[in-house]
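Novice:
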Amino acid sequence: MMTRLMATLALLAGATPIAARAEGDAVHGRQIYESRCIACHSPDANRVGPMHRGVFGRKAGTVAGYAYSNALKSAGVVWNDQTLDRWLTNPQAFIPGQKMNFKVASPEDRADVIAYLKMLTP
Amino acid sequence: MSIIESPDRTIAQGNYAGPAATPLGRRQMFRAAGVTTLGAAAISILGGCKSMAATPSASENDVQILNVALGLEHEAINAYQLGAQSGLLQKPVLEVAVLFQSQHKQHRDALIGAIKQMGGTPVAEKPMAEYAKALNAGTLKDQADVLMLAAKLEKGAANAYLGVIPSFDSRDLAQISGRLAADETMHWTVLASALKQALPQKALSFGA
Chain A
29 MMTRLMATLA LLAGATPIAA RAEGDAVHGR QIYESRCIAC HSPDANRVGP
79 MHRGVFGRKA GTVAGYAYSN ALKSAGVVWN DQTLDRWLTN PQAFIPGQKM
129 NFKVASPEDR ADVIAYLKML TP
Chain V
4 MSIIESPDRT IAQGNYAGPA ATPLGRRQMF RAAGVTTLGA AAISILGGCK
54 SMAATPSASE NDVQILNVAL GLEHEAINAY QLGAQSGLLQ KPVLEVAVLF
104 QSQHKQHRDA LIGAIKQMGG TPVAEKPMAE YAKALNAGTL KDQADVLMLA
154 AKLEKGAANA YLGVIPSFDS RDLAQISGRL AADETMHWTV LASALKQALP
204 QKALSFGA
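First to last, the protein sequences are chains A and V. When we follow this note's numbering, the leftmost residue of the first sequence carries the number 29, and every step to the right adds one. When we follow this note's numbering, the leftmost residue of the second sequence carries the number 4, and every step to the right adds one.
(1) What's the C-alpha gap between Glu136 of chain A and Ala211 of chain V?
(2) For Gly93 of chain A, which residues in the same chain have their Cβ closer than 7 Å to its Cβ, ignoring the five residues on either side in sequence?
(3) What does the alpha-carbon distance come out to for the pair Gln146 of chain V and Cys65 of chain A?
(4) For Gln120 of chain A and chain V, any beta-carbon pair shorter than 8 Å?
(5) At least one CB of chain A closer than 8 Å to the CB of Ile1 of chain V: is that the case?
(6) At the level of alpha carbons, what is the spacing between Ala82 of chain V and Leu150 of chain V?
(7) CB-CB under 8 Å to Leu118 of chain V, same chain, minus the five flanking residues each way: which ones, in chain order?
(8) Just to confirm my understanding: we take Gly57 of chain A, look at its own chain, exclude 5 residues before and 5 after, and list those with CB closer than 6 Å. What are they?
(9) The alpha helix (DSSP H) spanning Arg64 of chain A covers which residue range?
(10) Any idea if Thr111 of chain V is buried or exposed, counting beta-carbon neighbours within 10 angstroms, 16 or more meaning buried?
(11) When burial is assigned at 16 or more other CB atoms within 10 Å of the CB, is Asp72 of chain A buried or exposed?
(12) Looking only at its chain, what residues have a beta carbon closer than 8 Å to the beta carbon of Ile123 of chain A, apart from the 5 residues adjacent to it on each side?
(13) Taking Val167 of chain V and Asn118 of chain A to be in contact with their CB atoms under 8 Å, please state how far apart those CB atoms are, rounded to whole angstroms.
(14) Measuring straight from C-alpha to C-alpha, what distance separates Gln120 of chain V and Asp175 of chain V?
(15) Compute the Euclidean distance between the alpha carbons of Lys146 of chain A and His69 of chain A, then round it to the nearest angstrom.
(16) Give the range of the alpha helix (DSSP H) segment to which Leu73 of chain V is assigned.
(17) Taking the alpha carbon of Ser105 of chain V as the point to measure from, which residue in V:Ser180, V:Gly122, V:His77, V:Ala127 has its own alpha carbon closest?
(18) In chain A, which residues lie less than 8 Å from Leu75 of chain V when you measure between Cβ atoms?
(19) One question on the structure: do Glu128 of chain V and Tyr164 of chain V come within less than 8 Å of each other, judged by their Cβ atoms?
(20) Exposed or buried, Ala201 of chain V, counting other C-beta atoms within 10 Å across all chains shown (16 or more means buried)?
(21) Our contact map puts Ala67 of chain A next to Asn162 of chain V with C-beta atoms below 8 Å; I'd like the distance itself, whole angstroms only.
As structure tokens, then:
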């Protein structure tokens with residue numbers, strides 16, 4: 029309840045939601061990942077989308093063996109809390125011309141997924 | 004149709020062959036190919052209904068989404084093929100798997116036709132060995148393992164088709180994405196029932 033209130037206040041104040049929710053819930057993030065992301069992604073295999081283990085701190089478009097769009101390869105983005113939040117909010121707006129068109133609308137869900145992705149990085 | 008047969012590979016095998024041009028270059032390419040004007044025929048192919056071709060507004064972005072969907076369908080077809088070839092599926096489960104695979108093949112063929120009509124290049128199917136490795140097919144030990152893998156992929160696909168609906172420029176294609184999601188949801192429901200999994204207790208459990 030308090031978390032939702034903080035997120036709402038952050039939105040009203042114009043702050044980024046992720047800043048108001050310092051740490052996401054990785055357990056819930058995993059549930060979301062295995063329900064919504066799993067169609068294209070896996071932690072340890074390139075499928076329709078690239079593998080995610082080690083994504084945190086990695087430069088976008090650099091997983092070996094995955095055929096990225098030129099847009100992502102040339103984006104010069106390093107994945108962290110802020111860039112992942114922008115990506116999951118609206119990937120096409122963040123990096124036009126990339127291939128993913130799936131958005132995670134809820135700031136809390138994004139924070140939880142990011143917390144899970146962070147766990148996948150040793 | 005036997006699921007044991009090799010998949011009907013109507014397009015060249017190989018690695019992903021998605022668009023490789025710059026965003027601007029691709030936009031120009033699609034404009035030159037008449038993406039918008041061909042959208043009606045593409046939507047007709049996907050929807051199987053000429054009335055769906057009324058006022059399309061398909062775009063390069065929509066082709067990109069359809070190609071990701073095609074990648075999902077390639078994987079689903081190969082997942083069912085791997086399950087059947089494993090010898091772990093018994094009748095009548097095997098017959099249901101054959102039916103679901105055939106529906107994924109219909110999705111695939113419709114998507115390929117639509118992407119081509121819209122001036123795009125359909126993403127290529129990979130060799131089955133790559134799907135087997137990516138899906139950890141070697142760990143499947145019994146029928147329940149196969150069904151759990153299928154259920155996971157079907158639920159993910161349903162959520163993916165629902166999730167991209169707001170991203171379509173064409174409202175007609177968005178509706179078709181909903182229809183594809185309905186097929187995947189039906190598959191998941193049957194698989195979950197076979198596995199005796201509990202039904203979702205809350206409404207609106209898909210797509211969120």
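The beta carbon of each residue, even a glycine, is placed where N, CA and C say it ideally should be. Computed from a predicted structure; not experimentally measured.
Specialist: This is what the structure gives:
(1) 12 Å
(2) Asn74
(3) 25 Å
(4) yes
(5) What is shown of chain V runs 4 to 211, which leaves residue 1 of chain V out entirely.
(6) About 10 Å.
(7) Looking at the sequence itself, residue 118 of chain V is Ile, so the reference to Leu does not match. These residues qualify, in order along the chain: Ala45, Val66, Leu69, Asn70, Leu73, Thr124, Pro125.
(8) Asp140, Val141, Ala143, Tyr144
(9) Where Arg64 of chain A is concerned, there is no enclosing alpha helix (DSSP H), given that its DSSP letter is neither H nor E.
(10) Note that residue 111 of chain V is Arg in the sequence shown, not Thr. With a threshold of 16 other beta carbon atoms within 10 Å, Arg111 of chain V meets it and is buried.
(11) exposed
(12) Counting only residues of its own chain and dropping the five nearest sequence neighbours on each side, Ile123 of chain A has a CB closer than 8 Å to the CB of Ala88, Ala99, Leu100, Ala103, Val105, Trp115.
(13) Val167 of chain V to Asn118 of chain A, Cβ: 12 Å. No contact.
(14) 15 Å
(15) 15 Å
(16) Per DSSP, Leu73 of chain V belongs to the alpha helix (DSSP H) from 63-88.
(17) Measuring from the Cα of Ser105 of chain V, the nearest candidate turns out to be V:His77.
(18) Ala67, Cys68, Val76
(19) no
(20) The Cβ neighbour count for Ala201 of chain V, taken over all protein chains shown within 10 Å, is under 16; the residue is labelled exposed.
(21) 6 Å
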